[in-house]
Amino acid sequence: MTRPLLSRIAETLYWIGRYVERADDTARLLDVSVHRMLDEPETCRSIFAVLGLSPVASVSAPAVIRRLAYDLDEPASIAASIQSARDSARGVREVLASEVWECLNVTWHHLSALESQPPHAYLSFVRERAALFFGLADTSMSRDDCWRFIVLGRSLERVDMTTRLLAVHLDSDWRLLLQASGADESFTRTHGARDGEVLEFLLLDRLFPRSVVYSLLTAEKCLRALAPDTTRAGVADSAQAAIGRVRAGLEYADLNELRDRLPELLGTLQEACAAAGEAIAKRFFQHREAMAWVGA
Amino acid sequence: MADIFDKYVMAEAWDEMFERAGVPRPQYQALFAALQPLGVRELRSRADQLARMFTHRGVTFDYAGVERPFPLDLIPRIIDAAEWDLVTRGVRQRIRALEAFLDDVYGRHQVFHDGVVPWRLLHSSPHYHREAHGWRPPNGVRVHVGGTDLIRDERGALHVLEDNVRTPSGVSYVLENRLAMTRTLPTLFSEQFVRPVEEYPARLLAALRAAAPAGVSDPTVVLLTPGVYNAAYFEHALLARLMGVELVEGRDLVCEGNRLYMVTTYGRRPVHVVYRRVDDDYLDPLHFRGDSVLGCPGLVNAARLGNVTIANGVGNGVADDKLVYTYVPDLIGYYLGESPLLPNVETYRLDDPDVRDDVLARAGELVLKPVDGAGGKGIVIGPVATDEQLAVVRRAVRDDPRGWIAQRPVLLSTSPTLIGEWPVPRHIDLRPFAVNDGEDVWLLPGGLTRVALPEGELVVNSSRGGGSKDTWVLGETPAAAIPATVAPPAAQWSPSRTAAWEDEQ
Numbered sequence: 001m002t003r004p005l006l007s008r009i010a011e012t013l014y015w016i017g018r019y020v021e022r023a024d025d026t027a028r029l030l031d032v033s034v035h036r037m038l039d040e041p042e043t044c045r046s047i048f049a050v051l052g053l054s055p056v057a058s059v060s061a062p063a064v065i066r067r068l069a070y071d072l073d074e075p076a077s078i079a080a081s082i083q084s085a086r087d088s089a090r091g092v093r094e095v096l097a098s099e100v101w102e103c104l105n106v107t108w109h110h111l112s113a114l115e116s117q118p119p120h121a122y123l124s125f126v127r128e129r130a131a132l133f134f135g136l137a138d139t140s141m142s143r144d145d146c147w148r149f150i151v152l153g154r155s156l157e158r159v160d161m162t163t164r165l166l167a168v169h170l171d172s173d174w175r176l177l178l179q180a181s182g183a184d185e186s187f188t189r190t191h192g193a194r195d196g197e198v199l200e201f202l203l204l205d206r207l208f209p210r211s212v213v214y215s216l217l218t219a220e221k222c223l224r225a226l227a228p229d230t231t232r233a234g235v236a237d238s239a240q241a242a243i244g245r246v247r248a249g250l251e252y253a254d255l256n257e258l259r260d261r262l263p264e265l266l267g268t269l270q271e272a273c274a275a276a277g278e279a280i281a282k283r284f285f286q287h288r289e290a291m292a293w294v295g296a
Numbered sequence: 001m002a003d004i005f006d007k008y009v010m011a012e013a014w015d016e017m018f019e020r021a022g023v024p025r026p027q028y029q030a031l032f033a034a035l036q037p038l039g040v041r042e043l044r045s046r047a048d049q050l051a052r053m054f055t056h057r058g059v060t061f062d063y064a065g066v067e068r069p070f071p072l073d074l075i076p077r078i079i080d081a082a083e084w085d086l087v088t089r090g091v092r093q094r095i096r097a098l099e100a101f102l103d104d105v106y107g108r109h110q111v112f113h114d115g116v117v118p119w120r121l122l123h124s125s126p127h128y129h130r131e132a133h134g135w136r137p138p139n140g141v142r143v144h145v146g147g148t149d150l151i152r153d154e155r156g157a158l159h160v161l162e163d164n165v166r167t168p169s170g171v172s173y174v175l176e177n178r179l180a181m182t183r184t185l186p187t188l189f190s191e192q193f194v195r196p197v198e199e200y201p202a203r204l205l206a207a208l209r210a211a212a213p214a215g216v217s218d219p220t221v222v223l224l225t226p227g228v229y230n231a232a233y234f235e236h237a238l239l240a241r242l243m244g245v246e247l248v249e250g251r252d253l254v255c256e257g258n259r260l261y262m263v264t265t266y267g268r269r270p271v272h273v274v275y276r277r278v279d280d281d282y283l284d285p286l287h288f289r290g291d292s293v294l295g296c297p298g299l300v301n302a303a304r305l306g307n308v309t310i311a312n313g314v315g316n317g318v319a320d321d322k323l324v325y326t327y328v329p330d331l332i333g334y335y336l337g338e339s340p341l342l343p344n345v346e347t348y349r350l351d352d353p354d355v356r357d358d359v360l361a362r363a364g365e366l367v368l369k370p371v372d373g374a375g376g377k378g379i380v381i382g383p384v385a386t387d388e389q390l391a392v393v394r395r396a397v398r399d400d401p402r403g404w405i406a407q408r409p410v411l412l413s414t415s416p417t418l419i420g421e422w423p424v425p426r427h428i429d430l431r432p433f434a435v436n437d438g439e440d441v442w443l444l445p446g447g448l449t450r451v452a453l454p455e456g457e458l459v460v461n462s463s464r465g466g467g468s469k470d471t472w473v474l475g476e477t478p479a480a481a482i483p484a485t486v487a488p489p490a491a492q493w494s495p496s497r498t499a500a501w502e503d504e505q
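Chains as they are written, first to last, in full-length UniProt numbering: chain A, 1 to 296; chain B, 1 to 505.
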């Protein structure tokens with residue numbers, strides 16, 4: 001029923017999902033960290049660590065913002081992510097709804113003009129545009145493989161970014177963690193204004209769409225639809241298997257031990273994400289063997 | 001404040017809109033009446049609105065590696081029903097003659113045996129491909145899409161400037177210009193019946209499906225693009241989306257056992273028709289340029305065996321040769337027994353030494369064109385050329401007379417174009433698009449009107465600061481025309497434009 005998708009296009013869509021989610025997550029992280037960066041220089045260093053960037057000897061808040069938000073030469077920056085997403089979308093315009101393409105194109109056009117404004121204006125613009133992008137994708141695209149690859153990319157990136165965030169901000173205050181994940185209001189409505197269940201909310205909540213478990217479940221659902229299992233036992237697809245295992249491990253973890261086991265859990269999660277990424281590339285994004293001709 | 005056309009001063013050329021100062025031609029009267037009272041400020045703000053819309057929607061072309069918005073002028077170009085009928089019949093006739101000629105070139109060579117066209121023309125044509133000899137496409141069609149460039153001379157007569165039967169581009173502008181115009185100036189369209197253009201993708205797809213290999217009832221059609229860095233990339237993406245076919249690059253394709261496949265997430269899938277926007281030279285490294293990575297090795301063999309159809313045909317460049325252009329009126333008589341409905345511009349062949357000497361002596365009064373140039377490349381316009389340019393082109397012609405033709409300089413007609421605040425006359429041409437499905441040659445009502453934005457510029461090309469205009473063909477009467485011409489609504493498209501005339505034709 002769904003028609004086959006060119007491998008090149010599948011790969012591009014997957015990365016568009018990842019780029020936009022990364023821009024969104026980075027914007028959230030910076031937005032909540034700006035104030036803390038002024039008070040505690042240590043925060044700057046930990047932000048670099050979250051994003052897997054090489055630390056710099058002396059860092060100031062404006063320098064961090066410049067590098068992580070505006071700098072096009074920094075591949076992990078917001079501007080670079082938006083540009084990559086937009087350039088990728090330009091290469092697959094024929095499968096994207098035109099509103100979806102237009103959304104990324106307009107975002108890219110407007111972005112550099114916002115650098116002169118306070119960081120918050122820039123960062124909240126990025127968040128809004130990311131929400132618009134995913135919203136348009138959700139409302140205008142058929143639930144076919146095109147859409148699934150975007151959602152798959154987004155889900156894995158979200159797990160990746162959330163685990164990085166937890167790894168670095170382990171000892172920070174919980175409010176910042178919640179805000180950086182866009183979860184503070186949802187959390188308060190669920191658990192009240194307390195600190196108790198923050199970790200379980202961010203990791204394990206089944207209803208909150210930015211939690212790790214929710215994102216893993218979404219990724220699994222996409223993969224199951226992309227590569228349905230035909231065997232009676234076991235899971236043949238290695239990406240599905242990697243994600244399924246770590247998701248089950250998380251879901252059945254003892255809530256009382258969560259805090260102590262966190263470093264181990266986060267390590268496993270990171271490994272699973274990497275393994276799934278590789279398996280997906282191997283299975284779906286196989287490129288044509290180097291230009292070769294097989295005769296008659 | 002004065003009304004917008006009050007300051008309009010006609011140039012020397014034939015003016016498309018005005019018979020004489022202040023008096024619009026009949027087909028322009030309704031437009032004139034609607035625009036005249038708008039006022040310059042209103043017009044300017046509509047023009048700005050239009051430009052903003054293009055930037056947001058990615059309606060840009062690549063020029064020297066930078067994406068730029070492609071200028072669309074607010075004032076449309078209008079063609080009345082009677083003249084459009086002439087254009088339709090004239091272009092159709094030309095496409096049919098060129099199809100017959102190509103069939104002959106790659107078949108029996110009768111036209112050369114009969115002495116209508118000299119043999120040396122064939123053997124000296126850089127686009128004659130022996131690979132295509134004896135290769136007859138499934139439904140006989142080689143020119144699935146044709147773009148015939150027309151100009152109007154000083155006396156108001158339409159002439160054919162050149163034929164493009166390889167990969168004519170620009171149709172995306174026609175579709176996008178109309179969309180933009182209906183959004184920016186919707187009321188203009190309520191005054192009279194303008195024939196719609198949105199049928200094009202469906203017509204093109206039907207023609208491509210009709211060209212499928214024998215025995216394939218539900219063919220898979222793909223559009224082959226050189227990729228995102230090609231100047232016409234947006235057109236490729238737009239057409240692929242409007243037709244609902246895959247947009248593939250060479251790296252998405254693989255040939256095995258003389259069959260063509262695309263690489264998908266479910267493995268390989270067969271492909272039957274390739275609407276290629278890649279030149280012959282890059283199509284298949286086994287037969288053409290060995291260093292090309294834009295095509296697919298084995299594609300030509302698969303097509304020759306009839307397992308896949310390549311549209312437009314391989315080797316069509318012979319018919320685009322500007323020296324062949326000089327023979328097209330003869331070809332129309334030879335193949336169709338008809339006389340040409342649309343004349344050529346007066347042209348001189350330079351292989352005759354006497355003609356050549358005369359042309360070289362008068363080079364300052366003529367236009368010299370390389371036979372192989374597309375998009376105004378290499379053209380020397382005698383009356384405005386410097387002595388140095390003339391000396392260079394004289395030497396070039398003497399070295400390679402086969403490589404050049406000379407033409408009478410035609411002062412292209414002008415159309416009011418908004419530059420700054422006021423409309424001023426600017427030169428324009430017209431490229432109608434023809435689609436041949438094997439049964440009939442269909443013309444998109446209108447086509448692309450290109451406008452040279454710098455004052456006095458005669459080469460109408462985006463690389464020389466060109467823009468375009470929405471081109472209206474008026475219907476006879478709305479009541480009679482609507483039921484017959486309204487096509488099913490097209491899928492949504494997002495405008496996009498590219499300087500397509502540099503890499504493509």
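Glycine included, each C-beta is placed from N, C-alpha and C at the ideal position.
In this text the structure is predicted, and so the values were computed from the model without any measurement.
If you ignore the 5 residues before and after Glu264/A, its C-beta comes within less than 7 Å of no other C-beta in its own chain. The beta carbon of Gly90/B lies closer than 7 Å to those of Leu341 and Leu342 in the same chain, with the five residues before and after it left out. Counting along the chain, Met243/B sits inside the alpha helix (DSSP H) bounded by residues Tyr233 to Met243. In chain order, Ala180 place their CB closer than 6 Å to the CB of Leu29/A, counting only its own chain and leaving out the 5 sequence neighbours on each side. Three or more beta-carbon pairs drawn from the region 97-108 of chain B and the region 312-325 of chain B are found closer than 8 Å, and the two stretches are therefore classed as touching. Secondary structure note for Asn312/B: it is in no alpha helix (DSSP H), with a DSSP letter that is neither H nor E.
Think of a sphere of 8 Å around the beta carbon of Arg57/B: the chain A residues whose beta carbon falls inside it are Ser98, Glu102 and Asn105, in chain order. Of all alpha-carbon atoms in Val273/B, Asp284/B, Arg209/B and Asp252/B, the one lying nearest the alpha-carbon of Gln286/A is that of Asp252/B. Residue contact with chain B for Glu271/A: absent (no Cβ-Cβ distance below 7 Å to any residue of chain B).
Residues of the region 286-311 of chain B with a C-beta atom less than 8 Å from some C-beta of chain A are Leu286, Val293, Pro297, Gly298 and Asn301, listed in chain order. Its chain contains Cys273 as the residues whose beta carbon lies nearer than 6 Å to that of Asp160/A, once the 5 sequence neighbours on both sides are disregarded; these appear in chain order. Just so you know, the alpha carbons of Pro383/B and Pro409/B end up roughly 8 Å apart. Excluding sequence positions up to five before and after Val197/B, its CB lies within less than 8 Å of the CB of Val174, Leu175, Arg178, Leu444, Pro445 and Gly446, all in the same chain and listed in chain order. With at least 16 other beta carbons inside 10 angstroms of its own, Gln93/B counts as buried.
Relative to the Cα of Gly182/A, the nearest Cα in the group Asp195/A, Trp147/A, Gly267/A and Thr162/A belongs to Thr162/A. Looking from the CA of Val451/B, the closest CA among Pro416/B, Val274/B and Asp437/B belongs to Pro416/B. Residue contact with chain B for Ala10/A: present (Cβ-Cβ distance below 7 Å to some residue of chain B). Between the region 222-238 of chain B and the region 275-284 of chain B there are three or more inter-stretch CB-CB distances shorter than 8 Å, so the stretches are counted as touching. Under the Cβ criterion (8 Å, minimum of three pairs), the region 237-245 of chain A does not count as touching the region 123-130 of chain A. Per DSSP, Asn177/B lies in no beta strand (DSSP E) segment; the continuous alpha helix (DSSP H) that holds it begins and ends at Val171 to Thr184.
In its chain, beyond the 5 residues on either side, Pro138, Pro219, His272, Val273 and Thr309 have a beta carbon closer than 7 Å to the beta carbon of Ala212/B. Within the region 104-137 of chain A, Asn105, Val106 and His109 place their CB atoms closer than 8 Å to a CB of chain B, listed in sequence order. The region 282-292 of chain B and the region 233-249 of chain B do not touch, with fewer than three beta-carbon pairs separated by less than 8 Å. Inclusion of Val151/A and Cys222/A in the CB contact set at 7 Å is warranted, their separation being smaller than that value. DSSP, read as helix, strand or coil, puts Ile405/B in strand.
For Met262/B, the three-state secondary structure derived from DSSP is strand. For Val263/B, same chain residues with a beta-carbon under 7 Å away, outside a window of 5 residues either side, are Asp252 and Val254 in chain order. A direct Cα-Cα distance of roughly 13 Å separates Arg46/B from Leu188/B.
Listed in chain order, the positions of the region 123-156 of chain B with a beta carbon within less than 9 Å of a beta carbon of chain A would be empty, since no residue qualifies. Taking a Cβ-Cβ threshold of 7 Å, the residues of chain B close to Glu94/A are Ala237, Ala240, Arg241 and Leu247, in chain order. When DSSP states are grouped into helix, strand and coil, Arg25/B belongs to the coil group. Taking a C-beta cut-off of 7 Å against chain A, the contacting residues of the region 252-265 of chain B are Asp252, Val254, Cys255, Glu256, Gly257, Asn258, Met262, Val263, Thr264 and Thr265, listed in chain order.
For Trp135/B, no alpha helix (DSSP H) segment is defined, and its DSSP state is neither H nor E. The beta carbon of Leu418/B lies closer than 7 Å to those of Leu43, Ala47, Asp73, Leu74 and Ile75 in the same chain, with the five residues before and after it left out. Out of Asp195/A, Ala121/A, Pro118/A and Ala225/A, the CA that lies nearest to the CA of Arg143/A is found in Ala225/A. In the DSSP assignment, Ser415/B is bridged to Arg426/B.
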